[in-house]
Amino acid sequence: MTLRRFGRRNPTIVIGALLLLLVTAAAIAAPLIAGDPLLITPVDRLLPPSEKYWLGTDHLGRDVYARAVFGARISLLVGVAVAAVSVVVGLGIGLAAGYWRQVDAVVMRFMDGMMAIPAILLAIALVSLNRASVFIVVVAISLPEIPRVVRLVRSVVLTVREMPYIEAAVSGGSRGRKIVIRHILPSTVAPLIVQATYIAASAILIEAGLSFLGAGVPPEIPTWGNMIASSRLFVARAPWTIFAPGTLLALVVLAVNLVGDGLRDLLDVRLARRM
Amino acid sequence: MRAGAEPILSVEDLHTHFFTQDGVTRAVDGVSFTVAAGETLGIVGESGCGKSVTALSIMRLLPPGLGRSVGGSVRFGGRDLLTLDEAEMRRIRGDRIAMVFQEPMTSLNPVLTVGEQIAEAVMIHQGKSRHDAWARAEEMLTLVRIPDAARRVGDYPHQFSGGMRQRVMIAMALSCHPQLLIADEPTTALDVTIQAQILKLMLELKGRIGAAILMITHDLGVVAETCQRVIVMYAGRKVEEASVLDLFDRPLHPYTRGLMASIPRRRPGAPRTRRLQEIPGMVPSLREPLSGCPFAPRCPLATARCTAEAPPLEQHGAGHVVACWEAGRIGVS
Amino acid sequence: MTEPVVAVQGLQKYFPVQRGILRRTVATVRAVDGVTLAIAPGETLCLVGESGCGKSTVGRLILRLMQPTGGRILLRGTDVTTLGEAAMRPHRRHAQMVFQDPYASLNPRLTAGMIVGEPLENYDDMAGADRRAKVAALLERVGLRAEAMHKYAFEFSGGQRQRLGIARALALDPGLIVADEAVSALDVSVQAQVLNLLMDLQEERGIAYLFISHDLGVVEHIGHRIAVMYLGQIVELAPKATIFAAPLHPYTEALIAAAPIPDPRARTERIVLEGDIPSAMNPPSGCRFHTRCPIAVARCRTEAPLLRQVAAGHAVACHLRP
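Chains as they are written, first to last, in the UniProt record's numbering: chain A, 1 to 275; chain B, 1 to 333; chain C, 1 to 322.
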């Protein structure tokens, strides 16, 4: 299938992916395309967008453009890390719980308990115990996502394990581990990819929320949440300080969700046609 | 047999195509036949031969946006069903023509009682009052011999067994006294002893209500038990049509002969061979245009002419038509 | 007499029916309730009956894909009834299965080579090239081309898939193949191809089949002996010719009479069994068939008939016959 045909059939994926590619490229190239996000220039406080400061400056005279570009690094990092951690951990637990009955009873009750913990409260608790850091934020957001992944994986396993080809593998002498890895794991990939995009989108939002509440990444580090938090007092005088991080946040989350929706439709159709 | 009787349904050169991402499938490719009042016509063939699509085309129940009848006509009651608008079609469907499907559970609404479902059809099509319609529903359930019908009329579909559900479907289909009942594999999902009950019931009721039946099946046993005339379909086309006795006594198309020889069923007195006759190969893809006879690649009698030129349907005896260049040779042997 | 490839005695499988959040057991489905049979090498024993009679469960119990509730299973003389998964493994290779659904029984994400090669990988430590050669030979034996091993399962037609399933079952050279409605999903012309293949393989390799089917025509073609099941129990067991020529149990008679005969001249008024198949959850008392039996008497309602030998190789469970 040519790229153009793919684009015409799956416009949401292409639009979302292009947006994400753009933001990722900017985040990687941040030191090349933007100035120092931490540089404080008190004389240039709360300047509107201009030739020198494309998106204006904040209340400490820091370049909003530079901070927004560097902030993308944290947001994307948190999104990807949370998705990766929760999917990998959740996949392992879900496969075991779905296939081995004895594991199931114990693990699932524990997961039910975990699901009851809100990410925000967990993060606030963890941050107050440790020093605020990206690592703590990733852990705090990932933990409550894990049970959701486990439930998804487990439900796929429960469906697939009833398929006659599993019985065939058993009577062909395959052991449990081989059956899980060869016959069951591949069926979880498609739904997990889709789920991972949704987790990434929500992680980016939660991270911003945590930073806004001051329970996230340390305030001097530029993140979109921190930027929105620090500019909330000056919104009336300097709306540009909140415009850049807010728009970027919305766009990135939208882009990730577009990709997720597109993938879901695409993978579903593939499965349907294969049947 | 009933050659003189005026046909109630006449399908002329029907073409139905399915439009998918991978191309156009010619599911029905120029099929013509008629059904006379009160007769039972069988359409037999293997999966993918177009027999069910033919039925859905007549009922105009093709999956919207995917399947469409692109040519031919379906004349019923003096009108071409293919040209009717949806509202007119709805008036005919379930009233003048009714259908019974293979899987009754999917064609019954699970949240309505069977009585409500039958009564609704009667109210819509015959303009009866709720009270009369309900009485009719009860009467129909008694007619299809559901024990304790007066009570069961208020039960939901899931409270019935598979065989009882198919009885409910038949009751619903016959509730408006249709002229034509299309039965698409009505007993395929049922156990043999239940299948025997349902076939017996259908034939009995057909006589009482005077409906014609279009029996679509893959099972030559069911055809032999129930039909008067038979059409054999292959790759979207009609390859043979004959009275049931003629077809079983003197099958002329090599495909029909192959089908009959490959059934392991018990024919009293038939000689027993250890090996069943196979039809080699498989059904052709209906996506590519077929040149010549669609059965030629699997046919033991195929000649160069068969792969080059599609054989027309030709008369070989009264009411017996065959699409085969070699039919004359077979008829003699 | 040679040792049977499989013998089961008094086999039982009960399924608890659980309801509510506490998963209380409210009833028991007696899917298989006291089945005794044995299959000799190279023999085809057919299990026939209608849905819910327990015939598929018997097949799965013999392969220990399920744990029996009671009774004994002897595979080639060894009692495997209570073996754990690890202890069972060496015995598995002697009994394989061919499934009904040619789609669901092959993993769509694997190639034909991986599917057929998997049992070889598990038991015979065969190197890549040897294994490929063996897979190629198996594919060719079932009528597929050796190159087909690189194609994915979903690229095959229904009949070809069933051939693949047979190749997989043959891979370990088993003495017994349980064929669970192995041709029911196929069109007649393809069904004939697969039946011929199964019979050729039996002649060639002396494989025994437990052939589970609802189709009497197929059973009469392929079977040596026939066991008729009704609600978890065998009601009649006899050589094929006896079953079809002189059935004794009224249920066997009704089954044979109900199968439509592909001959319009054979249309006759015949006994059609009334009523539905009762649920295995609350099987009728006494003889389980008495609710539908045309000849039942008072005794049938209270006293369960035993399966007893009435002639050489012919057993029937009926108070009134012969």
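Where is the CB? At the ideal position from N, CA and C, for every residue including glycine. Owing to the predicted nature of the structure, the values given are computational and were not obtained by experimental measurement.
Distance from the CA atom of LEU205 of chain A to the CA atom of GLY54 of chain C, rounded to whole angstroms, is 55 Å.
Here the C-alpha atom of PRO280 of chain B lies approximately 6 Å from the C-alpha atom of ARG298 of chain B. In the structure shown, GLU241 of chain B falls within a strand segment according to DSSP collapsed to helix, strand and coil. With a minimum length of 3 residues, the unbroken runs of beta strand (DSSP E) contained wholly in the segment 169-255 of chain C fall at 176-180, 208-213, 225-230 and 233-239.
The Cβ of SER174 of chain A sits closer than 8 Å to at least one Cβ of chain C. Distances from the CA of LEU267 of chain A to each of A:ALA208, A:LEU213 and A:ILE193 were compared; the closest alpha carbon is that of A:ILE193. Here DSSP, grouped into helix, strand and coil, assigns MET108 of chain A to helix. Between MET233 of chain B and ILE43 of chain B, the beta carbon gap of about 6 Å places them in contact (Cβ cut-off 8 Å). Within 10 angstroms of the beta-carbon of GLY328 of chain B lie fewer than 16 other beta-carbons, which makes it exposed. In this structure, the CA atom of PHE101 of chain B is about 11 Å from the CA atom of LEU181 of chain B.
If you compare the alpha carbons of C:GLY286, C:SER51 and C:LEU231 with that of ARG299 of chain C, the shortest gap goes to C:GLY286. In summary, the residues of the segment 221-235 of chain C whose CB is separated from some CB of chain B by less than 7 Å are HIS221, in the order they occur in the chain.
Chain-order list of chain C residues neighbouring SER171 of chain A: LEU63, LEU65, ARG92, ALA95, GLN96 and MET97, by C-beta distance under 8 Å. The beta carbon of ILE120 of chain A sits closer than 8 Å to those of ILE206, GLY209, LEU210, LEU213 and ALA215, all from its chain and outside the five residues before and after it, given in chain order.
Annotation: Cβ neighbours of MET163 of chain A in chain C (cutoff 7 Å, chain order): ALA104.
In this structure, the CA atom of PHE70 of chain A is about 23 Å from the CA atom of VAL85 of chain A. Going by DSSP, TYR234 of chain B is part of the beta strand (DSSP E) stretching over 229-234.
Every alpha helix (DSSP H) of 4 residues or more that sits fully in the segment 263-311 of chain C is shown, in chain order, as 298-302.
Bridge partners of ASP29 of chain B according to DSSP: B:HIS15. What PRO239 of chain C touches in chain A, judged by beta-carbon distance under 7 Å, is nothing: the nearest beta carbon there is about 29 Å away.
When the five nearest sequence neighbours on each side are left out, the beta carbons in the same chain lying within less than 6 Å of the beta carbon of THR307 of chain B are those of GLY292 and ALA296, in order along the chain. Under the three-state reduction of DSSP, ASP219 of chain B is assigned to coil, being neither helix nor strand. Boundaries for GLN277 of chain B: no beta strand (DSSP E) harbours it, and the DSSP string shows neither H nor E there.
One finds MET97, PHE99, SER105 and ARG168 in chain C with Cβ atoms closer than 7 Å to the Cβ of ALA168 of chain A, taken in chain order.
Nearest Cα to SER142 of chain A within the set A:GLY260, A:VAL87 and A:VAL253: A:VAL87. Between VAL189 of chain A and ALA140 of chain A, the alpha-carbon positions lie close to 25 Å from each other.
For the segment 150-201 of chain A, the continuous alpha helix (DSSP H) assignments of 4+ residues that do not extend past its boundaries occur at 164-171, in sequence order. With contacts defined as CB atoms closer than 8 Å, ALA169 of chain C and ILE115 of chain C fail to qualify as a contacting pair.
Within the segment 185-203 of chain C, the residues whose Cβ lies closer than 8 Å to some Cβ of chain B are ASP187, VAL188, SER189, VAL190, GLN191, ALA192, GLN193, LEU195, ASN196 and MET199, listed in chain order. Looking only at C:ASP187, C:SER279 and C:SER105, the smallest Cα-Cα distance to SER51 of chain C is reached by C:SER279. The three-state secondary structure of ASP124 of chain C, taken from DSSP, is coil.
Beta-bridge partners assigned by DSSP to PHE76 of chain B: B:LEU9 and B:ARG79.
One alpha carbon belongs to GLY23 of chain B, the other to PRO104 of chain B, and they sit about 32 Å apart. CYS306 of chain B carries a helical assignment under DSSP once its states are collapsed to helix, strand and coil. The distance from the Cβ of THR16 of chain B to that of VAL28 of chain B is about 4 Å, consistent with a contact at the 8 Å cut-off. Around the beta-carbon of SER285 of chain B, fewer than 16 other beta-carbon atoms lie within 10 Å, marking it exposed.
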